[in-house]
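Participant: My questions will all concern the structure given below.
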Amino acid sequence: MKEVKFTSFEAACAHLKIGTELPDVSMLPTEEQKGVIAQYKLQILVKANNDGWKANYAERSQYKYFPWFEYVPGSGWVLDGYVGGYACTYVGARLALKTSALAMEMGGTFIDLYRDLLGEGE
0 MKEVKFTSFE
10 AACAHLKIGT
20 ELPDVSMLPT
30 EEQKGVIAQY
40 KLQILVKANN
50 DGWKANYAER
60 SQYKYFPWFE
70 YVPGSGWVLD
80 GYVGGYACTY
90 VGARLALKTS
100 ALAMEMGGTF
110 IDLYRDLLGE
120 GE
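Numbering follows numbering that gives the first Met the number 0, in which position 16 of the sequence shown is assigned residue number 15; successive positions increment by one, without gaps.
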């Protein structure tokens with residue numbers, strides 16, 4: 000079953016009824032700009048694809064899922080699975096996903112955005 004309903008930033012924005020304007024990052028160092036834009040786009044994509052579900056960090060029994068990436072020299076960041084947890088996070092809490100299947104599919108579908116967020120790795 001396909002978990003990712005919104006496969007583009009623009010489609011996610013349309014679903015959430017928000018504009019597609021990106022944050023102004025011109026005041027940031029060039030090497031930081033891609034990561035900030037990637038974070039914003041992923042937050043919007045996660046919100047749209049979570050379909051109303053929100054991570055509740057006060058609810059310790061609620062699982063939250065994230066794509067898990069490994070850095071492979073010569074290949075860069077590659078999707079290695081997912082990680083699930085109760086009340087902690089290994090990445091930005093705003094990127095928590097409601098199911099492990101959604102985490103895997105988001106990681107694969109938006110690998111380039113996650114790579115921009117994670118940086119070069121070397």
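Backbone N, C-alpha and C define an ideal beta-carbon position, used for all residues, glycine too.
What are the complete beta strand (DSSP E) segments, minimum 3 residues, inside the region 59-115?
Facilitator: Runs found: 63-71 and 75-84.
Participant: For the ligand GTP, I want to know if V35 counts as a neighbour, meaning its beta carbon is within less than 6 Å of at least one of the ligand's heavy atoms.
Facilitator: You won't find the ligand GTP in this model; it holds no ligand whatsoever.
Participant: Suppose contacts are defined by Cβ-Cβ distances below 7 Å. Is A102 in contact with Y70 by that definition?
Facilitator: Against a cut-off of 7 Å, the Cβ pair of Y70 and A102 comes out as no contact.
Participant: Output the distance between the C-alpha atoms of F8 and L44, rounded to the nearest integer angstrom.
Facilitator: Taking the straight line joining both Cα atoms gives about 6 Å.
Participant: Buried or exposed: where does L21 fall if 16 or more other Cβ atoms within 10 Å of its Cβ makes it buried?
Facilitator: L21 comes out exposed.
Participant: Taking Cβ positions, are A57 and K63 nearer each other than 7 Å?
Facilitator: In this structure, K63 does not lie closer than 7 Å to A57 by Cβ.
Participant: From E119, M0 and K97, pick the residue whose C-alpha is nearest to that of P72; which is it?
Facilitator: It is E119.
Participant: So what does DSSP say about T29, is it helix, strand or coil?
Facilitator: Of the three classes helix, strand and coil, the one that applies to T29 here is helix, per DSSP.
Participant: Count the other CB atoms, across all protein chains shown, that sit within 10 Å of the CB of G106; report buried if there are 16 or more and exposed otherwise.
Facilitator: Answer is buried; the Cβ neighbour count reaches 16.
Participant: Applying the 10 Å Cβ sphere with the 16-neighbour rule, what's the burial state of E31?
Facilitator: By the 10 Å Cβ count, E31 comes out exposed.
Participant: Could you tell me the alpha carbon to alpha carbon distance between L117 and G75, rounded to whole angstroms?
Facilitator: So the alpha carbons of these two residues sit roughly 10 Å apart.
Participant: Ends of the alpha helix (DSSP H) at L15?
Facilitator: Note, L15: alpha helix (DSSP H), F8 to L15.
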